Every structure is written in structure tokens, then in C-alpha cells.
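Undergrad: Here our numbering = 1-based position in the sequence shown + 164. Virtual Cβ for every residue (Gly too), placed ideally from N, Cα, C. Note that the coordinates shown come from a computational prediction; the quantities given were computed from them, not determined experimentally.
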Amino acid sequence: MKKLSILFLLCLLVQVVPAQGSKALDLKEITSGKFRAEGIQGVIPMADGEHYTQMNAEGTQIIKYSFRTGQQVEVVFDVAKARECTFKRFDGYTFSPDGSKILIRTETQPIYRHSYKAVHYLYTIKRNIVEKLSEGGPQQSPVFSPDGNMVAFVRDNNIFLVKMLYGNSESQVTEDGKFNHVLNGIPDWVYEEEFSFATALEFSPDNTMLAFIRFDESEVASFTFPIFAGQAPHYSALETYPGAYTYKYPKAGEANSKVSVHTFDIKSKVTRKMKLPLDPDGYIPRIRFTQDAAKLAIMTLNRNQNRFDLYFADPRSTLCKLVLRDESPYYINESVFDNIMFYPQNFSFISEKDGYSHLYWYSMGGNLIKQVTKGKFEVKRFIGWDAATNTFYFESNEESPLRTAVYKTDKKGGRIKLSEKAGTNSAIFSSNLKYFMNTYSNLQTPAVITLNDNTGKVLKTLVTNQKLKETLAQYQLPKKEFFTFRTSQGTELNGWMIKPADFNESKKYPVLLYQYSGPGSQEVVDKWGIGGDRGGIGWDAYMASKGYVIVCVDGRGTGGRGAEFAKCTYLNLGVKEAQDQVETAKHMAAQPYVDKSRIGIWGWSFGGYMTIMSMSEGTPIFKAGAAVAAVTDWRFYDTVYVERFMRTPQQNAEGYKAGSAFTRAANLNGRLLLVHGMADDNVHFQNCAEYSECLVQADKQFDMQVYTNRNHGIYGGNTRYHLFTRLTEFFLNNL
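(1) Please give me, in chain order, every unbroken run of the alpha helix (DSSP H) with length at least 4 that falls completely inside the segment 840 to 874.
(2) On the DSSP bridge list, what partners appear for CYS716?
(3) With C-beta atoms as the reference, is MET219 less than 9 Å away from TYR280?
(4) How big is the Cα-Cα spacing for ARG698 and GLY764?
(5) Does the separation of the CB atoms of PHE251 and TYR287 fall below 9 Å?
(6) Taking the continuous beta strand (DSSP E) assigned at ILE547, which residues delimit it?
(7) Alpha carbon to alpha carbon, how far is ILE592 from GLU271? Give it in angstroms, no decimals.
(8) Going by CA-CA distance only, name the one from ARG452, GLY682, LEU483 that's closest to GLY767.
(9) How big is the Cα-Cα spacing for HIS876 and SER769?
(10) For GLY312 and PRO261, which I take to be in contact (beta-carbon distance under 8 Å), what is that distance rounded to the nearest angstrom?
(11) At 4 residues or longer, and completely inside the segment 793 to 838: list those alpha helix (DSSP H) runs for me, N to C.
(12) Within 10 angstroms of the Cβ of ALA552, are there 16 or more other Cβ atoms? Answer buried if so, exposed if not.
(13) Would you call LEU899 buried or exposed, if buried means 16 or more other Cβ atoms sit within 10 Å of its Cβ?
(14) Can you tell me which of the three DSSP states ARG200 falls into?
(15) For GLN336, which option in HIS345, GLY349, ASN344, PHE343 has the closest C-alpha, if you only look at C-alpha atoms?
(16) Please determine, among GLN273, LYS750, SER583, VAL627, the residue with the shortest C-alpha to C-alpha distance to ASN616.
(17) Beta-carbon within less than 7 Å of PHE786's beta-carbon, same chain only, minus the 5 sequence neighbours each way: which residues are those?
(18) In terms of DSSP beta bridges, what is PHE511 paired with?
(19) Rounded to a whole number of angstroms, what is the C-alpha to C-alpha distance between LEU402 and PHE392?
(20) Out of GLU193, GLY711, SER512, SER382, which one is the CA nearest neighbour of PRO674?
(21) Residues in its own chain within less than 8 Å of THR733 by CB, not counting five upstream and five downstream?
(22) Would DSSP call THR625 helix, strand or coil?
(23) Hey, VAL795 and TYR820: beta-carbon distance below 9 Å or not?
(24) In whole angstroms, what is the alpha-carbon distance linking PRO351 and ALA843?
(25) Enumerated in chain order, which unbroken segments of the alpha helix (DSSP H) with a length of 4 residues or greater are wholly contained in the segment 333 to 385?
(26) At the level of alpha carbons, what is the spacing between ILE268 and PHE826?
(27) Between the alpha carbons of GLY446 and LEU374, how many angstroms are there, rounded?
(28) Taking 9 Å as the threshold (C-beta atoms), are LEU474 and PHE513 in contact?
(29) How should GLY696 be labelled, buried or exposed, when 16 other C-beta atoms within 10 angstroms of its C-beta is the threshold for buried?
(30) At what residues does the alpha helix (DSSP H) containing ASP704 begin and finish?
(31) Could you tell me how far apart the beta carbons of GLY771 and GLN679 are, in whole angstroms, since I believe they sit closer than 8 Å?
(32) With the cut-off set at 9 Å, would you say GLY341 and VAL315 are in Cβ contact?
(33) Pairing CB atoms from the segment 655 to 674 with CB atoms from the segment 205 to 216, are three or more of them under 8 Å?
(34) Identify the residues that DSSP records as bridge partners of LYS439: which are they?
(35) Can you tell me which residues form a DSSP beta bridge with GLU238?
(36) ALA461 bridges to which residues according to DSSP?
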């Protein structure tokens with residue numbers, strides 16, 4: 165239910181540059197990516213603090229650049245020049261911590277959102293030679309030891325260890341891994357999807373131990389969906405009889421994997437299980453070695469996810485000590501895990517204990533040293549701490565819930581803004597925090613990427629997107645603006661609006677609401693590419709060019725405005741959010757330039773769910789709506805996501821009933837289009853199939869578009885163009 169990571173991320177905001185040209189927007193051009201903003205991908209800061217590396221666009225070289233000048237310094241790896249290199253291009257790479265070796269990734273096969281299998285090669289820089297990591301088949305989640313002399317990886321759910329000082333000898337660490345039963349060192353589906361990681365394997369800082377999470381999913385219920393021969397790609401083996409894919413997917417209230425933490429002593433080959441006081445149904449969303457080899461950090465959550473515990477485990481004695489506990493009357497955000505960073509004497513932590521997400525500083529003994537940030541704003545990300553100057557670096561929305569900036573603290577603890585311009589800023593810092601690469605955009609400005617020093621001074625501008633601006637200047641483009649309004653319940657909501665390029669205040673326009681509305685999400689932010697980035701980027705502009713006013717409003721439950729606003733929907737997903745979309749429609753209906761008889765709504769994933777809930781809220785204000793890849797009943801979705809916001813169906817039967825589209829089917833008002841991919845491993849097609857049956861039995865006519873073999877992103881071949889053509893025709897015909 166998070167934002168989709170799809171290959172077709174296109175740049176929405178053809179619509180925010182002032183109209184200059186006469187060309188009409190073309191849907192084929194939009195879905196092809198013609199208006200995509202240029203960025204800089206795959207930046208990896210080097211350990212020396214002065215340089216960063218990138219793959220070239222062809223996937224044939226790794227190039228080293230200066231953080232200070234932005235200039236190319238050298239080519240670190242080249243497939244054409246490396247000795248014994250048997251591949252012509254590669255997909256990714258990882259440096260060893262000491263910078264002497266590189267792990268090169270080839271033949272990548274995606275698995276789920278973050279995970280993949282690949283054939284990896286070791287490249288030793290000084291020797292300029294490439295060696296295959298393993299002859300035993302593709303690997304998952306390879307990890308370098310701190311000294312760069314070992315690599316651990318997972319194959320077929322078991323952990324393997326390669327020792328380079330012993331002729332790249334390979335040994336097997338675990339033996340019990342088995343598909344759909346036991347996973348060692350990699351997360352199961354629900355952990356990967358909802359806790360956002362793909363590796364559960366760590367080396368100790370002294371190179372003597374491996375730590376890993378073991379997932380026993382043998383008691384988790386399986387889910388199966390059909391796979392057809394299809395096209396783009398075509399599976400010839402399935403031409404006569406379809407196949408099926410079966411995997412473990414724990415639905416709300418059902419059994420999760422049983423998890424445990426283990427260590428493997430590399431010298432003695434002894435495996436130990438940590439004596440972790442975890443609830444039988446608790447979660448272990450991260451393990452991470454601190455800088456002390458005797459302290460393995462283990463992060464846990466109870467099943468309701470309202471209690472976070474941080475333990476330090478001794479990897480040899482197996483004893484675990486509770487270091488920090490954070491509790492919430494609602495739930496703990498999953499963003500806390502990767503904002504914990506360990507230093508020799510301290511660690512960072514982000515908590516909402518005062519109502520807003522703020523940065524806290526602890527001793528390694530678990531004592532609170534200080535609250536680093538305070539105020540009615542949210543710290544979005546902790547970047548790092550400079551021990552020499554006692555300076556903290558972070559990103560926050562102090563200026564506005566709609567904007568993000570890069571900050572550091574001064575000697576007195578005050579905040580110094582490092583990013584120059586108001587909008588959305590995101591930084592990649594050098595390893596010594598001396599420099600950073602800043603990506604900035606706002607409503608009117610496609611990404612501008614600069615290199616800066618840690619005072620904020622711009623050293624070099626790397627990307628201006630001038631070519632995109634020149635391209636956009638040829639088109640007749642809609643206009644985009646922010647607005648706010650107050651609901652009848654007294655809540656002020658933020659929104660954006662896209663008006664046709666030839667907008668005339670005296671005319672009456674149809675309105676199309678786009679929204680996502682999921683817990684903690686934000687669509688209304690001051691950046692290039694707002695709205696529809698689950699597949700609708702650019703389509704909003706296209707529909708505006710067809711004479712529609714496009715509106716997006718972040719209702720209650722969305723992010724950027726503190727814990728109470730984001731979590732007021734707790735235990736009742738879908739109710740307040742739907743009310744606020746109805747309130748948005750009412751607000752628009754009251755505008756003199758709106759035809760109140762022609763208001764529609766659409767969304768993807770949680771936004772699709774919200775489309776259905778809003779059209780069934782009881783207020784007959786929407787004439788038409790499209791729900792793409794929508795959840796229709798929370799009992800069909802996964803444990804971690806749903807129970808974070810709703811607890812289990814056993815604990816909260818009324819909340820699940822109130823938040824089900826099934827119970828509202830008879831109230832559906834307006835023409836509805838249901839769109840779903842049959843191979844959606846995230847929001848199962850079951851949601852669409854069962855809800856459509858509810859509509860049939862309630863005698864409600866509706867439209868449906870099903871995509872063969874497509875997952876939650878609904879792309880591949882001509883699929884994306886077909887989808888948006890379908891949406892276009894549906895709204896032109898019904899709105």
C-alpha cells in the first residue's frame with residue numbers, strides 16, 4: 165500500500181509551467197515518459213568522504229566523482245578493461261567497506277518490491293580482475309564483511325559464506341531453508357513489503373560473527389493466483405494449461421511467521437539462538453550490529469505495533485538487554501527503524517512522544533541525553549552526527565507541512581537551514597558530512613540538483629532540467645495551484661488544483677478528484693511530480709487539457725501535521741477519510757465555475773479503496789469514479805499493514821465492518837469502474853472479485869477492467885497506455 169516503485173514513473177507536472185506553447189498534450193507521449201524530469205540515480209558516497217560513484221547509463225562503467233567539484237575523477241570499473249570480465253553490462257554494485265573490492269550485480273531477477281536474485285561477481289580494484297562470487301546459482305542479499313575479505317549471501321533460503329583469503333572457498337551456514345517454510349537471512353513477503361527491507365543478515369564489526377533473522381512461515385496460510393501464457397512477457401509453457409503462483413501471505417488476524425535471531429561463529433562454526441524476550445506473535449523488523457562487536461541491536465514490535473523495544477544482544481552469551489522502549493496510544497511508525505544510527509557512545513532515535521516526530525539522542529546505556537529537535541513540525545529523516553563539531557544533520561518540514569528542507573544544529577542546539585529554496589529538498593551527504601548533493605523542486609520547478617558544502621553553499625549545479633522546460637514551453641499546459649478549505653466539521657485541509665490552460669471563471673467545469681488518503685501519506689506537497697505517482701503522473705494534466713478541473717486534497721489521517729492528525733483514523737480506517745473526500749466534493753460544488761452535477765473521483769491502491777468508500781459514504785455527490793487495484797475489505801490485506809492501523813479483526817470487529825466496502829455496496833452512488841491486475845501479489849484480485857459480487861447481488865451496475873498477469877503496478881508492454889486510455893474514455897463517457 166506504499167507508493168509504487170514502478171518503471172513508468174513519469175513527471176506529472178507538465179501542468180505547472182505557465183502556458184506558452186500551442187501543442188496539445190498527447191496521452192501516448194505522457195505514458196511514454198517524454199516529460200520525465202532528469203535526475204541523478206544510484207549515487208553512492210565513498211568512504212573517503214570526498215567522492216561518490218555512479219553507474220553510467222549503459223551499465224558498463226562505475227565512475228568516481230568529486231563531491232567538491234562534481235567533476236569525474238576516474239573510472240573505477242569498466243567491463244571493457246577489467247581482466248577476465250565475462251559480462252558486457254551490469255545492473256548494480258556494492259563497495260566493500262574498505263573500498264578495495266566491488267560486488268558487481270548481473271542478470272537481476274526481481275522477486276517482490278525490494279528483493280531480487282542475481283549473479284554477482286567480485287572485482288578487486290588493485291588487481292583489475294573479475295571473479296564469479298559463486299558457481300552454485302544466483303544469490304540474494306549479499307553482504308560484505310567489514311574487512312572486505314568475506315561475503316555472506318542467501319540462496320534457496322539458506323545462508324552461504326565465501327572467504328576470499330581462502331581461494332573464495334564457499335561454505336553453507338544454514339541447512340533448514342525451504343521455500344514457503346523457512347527463510348534464513350531474508351525476510352518473508354509481509355516483512356519485506358511492510359517493514360521495507362530485503363536483507364536480514366549482518367556481520368559483526370570484528371568480522372568474527374554473522375547474525376541473522378530466521379523466519380518460520382510453515383504455519384502461515386498460502387495464497388495462490390493464476391498465471392496465464394499472456395504477452396509481454398509470454399510464457400509458452402502455459403499456452404494450453406495456465407499455471408499458478410503460491411506464496412505465504414498472512415491476512416489480518418491470521419498467523420504470522422515465527423521469528424528468531426541467531427548468530428554464527430565463523431571460526432568455530434557454532435550457531436546460537438538469542439534469548440530474546442519477544443512475544444510469541446511479536447515482530448523483529450531489524451537487526452543491526454552496533455560499533456561494539458558485543459552488542460547486536462535487535463528491534464522488536466508487539467503485534468499491535470504500539471510498543472517498540474530496542475535490545476542489545478551479546479552474540480556469544482545470547483543474553484539480551486532492553487535498552488529503549490517507546491510506546492504509542494496508536495502505533496509506532498515503521499520509519500523509526502532506519503533513523504536509528506549507532507555511534508561509539510550514542511545512538512539516535514526518532515519518536516512522536518511529544519506529538520510530533522522529533523530527534524532524540526541517547527547514550528549506549530539507553531539514557532536520554534537530550535531531545536535534539538522540538539516544535540510543531542516533523543523530522544522526516546536523520547542524516548547523521550558529526551562528532552568533531554557535535555552537529556546533527558536532518559530533514560524536516562519546519563517551514564510548512566507541504567515543504568521539506570535540510571537542516572543542521574549549531575553549537576547551542578539551534579537549527580540552521582542548509583537548503584536554499586522553499587519547496588521539497590532531499591540530501592545525499594558525503595560519509596564525513598562535509599558535502600551534500602541536494603535535489604530540490606517545487607510546484608513550478610522540475611528537479612534542480614546541486615552540490616553543496618555543509619554550510620549550504622552551492623558548489624556546483626549538476627542538473628537544471630532546462631531541456632524539459634524548453635520542451636514544456638511548446639505545449640498548451642494547464643495551471644496548478646494550492647488551496648485550503650475548512651470542512652463542516654471544522655478541519656482545515658490542504659489541496660492542489662489543476663485548471664485547464666484556457667480556464668474561464670464564467671464557465672462551468674466538471675471536477676475530477678484524485679487522492680491516495682492512506683495513513684501518513686502526503687499528496688499535497690510543494691514539489692514537481694505531485695499527485696498520481698501511483699501511475700497517474702501526467703494523466704492529471706491530460707484530463708485538465710480535456711476540460712476538467714483536477715483536485716487533490718489530503719484529508720484526515722494523512723501526514724505532515726503531527727501524530728493526532730495522522731492517527732485520528734486509528735481503528736476506523738476509511739470512515740473519516742471518505743467523509744473528507746465528500747467534503748472536498750461539496751466545497752468544489754459550491755464554486756461558481758464548477759458543474760456540481762459532474763464530479764468524479766479516482767485513486768490507486770488505498771486511493772482506489774477510498775474512491776469506493778467515498779462513493780458509498782451516503783452523500784450522492786459523485787457521478788463517476790474509478791478504483792484501481794483497490795482493497796475492498798481489510799480482512800483480505802496483510803497483517804502488518806492492517807493491524808498497525810486497525811488491530812486484528814478479533815479485537816476490532818466493528819472497525820473492520822465499518823471500513824469494509826462490502827457493507828456499503830448497497831449505498832454505492834454513481835458509475836464505478838473497477839480495475840485490477842490478476843497477478844497482484846500485494847492487493848489480491850480477490851478484493852475486486854468479491855466486491856464485484858457484492859455489487860451484483862445489490863443490483864448495482866458497474867464497469868470492470870482486468871489485466872492478465874499484471875501486478876500492483878499494472879505495467880508491461882502496452883498495458884500502461886491501455887489503462888489510461890480506459891480511464892480517459894470512462895470519465896469522458898460518464899462525467
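TA: Straight from the coordinates:
(1) 849 to 861
(2) Paired residues: TRP660.
(3) Going by C-beta atoms, MET219 is not nearer than 9 Å to TYR280.
(4) Below a pLDDT of 50, predicted positions are generally treated as unreliable, and ARG698, at 37, falls in that range; the measurement from the model is reported next regardless. Linking ARG698 to GLY764 through their CA atoms gives a straight-line distance of about 18 Å.
(5) Cβ distance not < 9 Å, so PHE251 and TYR287 don't count as in contact.
(6) 543 to 550
(7) 28 Å
(8) GLY682
(9) 8 Å
(10) 6 Å
(11) DSSP runs (the alpha helix (DSSP H)) wholly in the segment 793 to 838: 803 to 810, 817 to 822.
(12) exposed
(13) Result: buried.
(14) coil
(15) Ranking the options by Cα distance to GLN336, first place goes to GLY349.
(16) SER583
(17) ALA749, ILE763, GLY764, ILE765, SER778, MET779, ASN833, GLY834
(18) When DSSP reads this structure, PHE511 sits in a beta bridge with PHE506, TYR526.
(19) 6 Å
(20) GLY711
(21) The beta carbon of THR733 sits closer than 8 Å to the beta carbons of PRO683, ARG720, GLY721, VAL739, LYS740, GLU741, PHE809 from its chain, once the five residues preceding and following it are set aside; these are given in chain order.
(22) strand
(23) No, these two residues do not count as a Cβ contact at 9 Å.
(24) 21 Å
(25) 353 to 359
(26) 49 Å
(27) C-alpha separation (whole angstroms): 23 Å.
(28) yes
(29) For GLY696, the predicted structure reports a pLDDT of 47, less than 50, and the residue's modelled location is therefore unreliable. The matter cannot be settled from this model.
(30) 703 to 709
(31) 5 Å
(32) no
(33) no
(34) Residue pairing by DSSP places LYS439 opposite LEU483 in a beta bridge.
(35) LYS228
(36) ARG452, PHE476
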